[in-house]
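Counted from 1, the sequence shown has number 9 at position 9 by UniProt numbering; the numbering is strictly sequential.
Virtual Cβ for every residue (Gly too), placed ideally from N, Cα, C.
Right, one structure below, let's go through it.
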Amino acid sequence: MAKLDGLKRVLDFLQGLQPKIAAQIAKKILSLNVDPLPTDSKQLKGYPGFYRVDSGEYRIVYRFKSKEDLVEIILVGKRNDDEVYKKLERLLE
């Protein structure tokens, strides 16, 4: 099982959501430590080692470091706009 990192950021985000939605996102994130590259994950273009998965109307962006067996959650955001990717660019600058 892979280790999970970045959960503090996720918890802060989840506190503002409805409990049912927050639980769905949390379940999806926790499943990444069992299978860091599920069939519905996609590698981000231009960001080697970065992937995304969807949970309802939310997108989870993470980095998988296979040598360390580590899944690092980078951010969670709505998928219906490009705000998630704009935030990712700002984080990685």
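Under the 10 Å beta carbon count, V34 is surrounded by fewer than 16 other beta carbons and is classified as exposed. Taking 3 residues as the shortest admissible run, the region 26-68 contains the following complete beta strand (DSSP E) segments, listed from N- to C-terminal end: 50-55, 58-65.
A direct Cα-to-Cα measurement between V61 and L14 gives close to 15 Å. Secondary structure of E83 (DSSP, three-state): helix.
Secondary structure at L17: coil, using DSSP grouped into helix, strand and coil.
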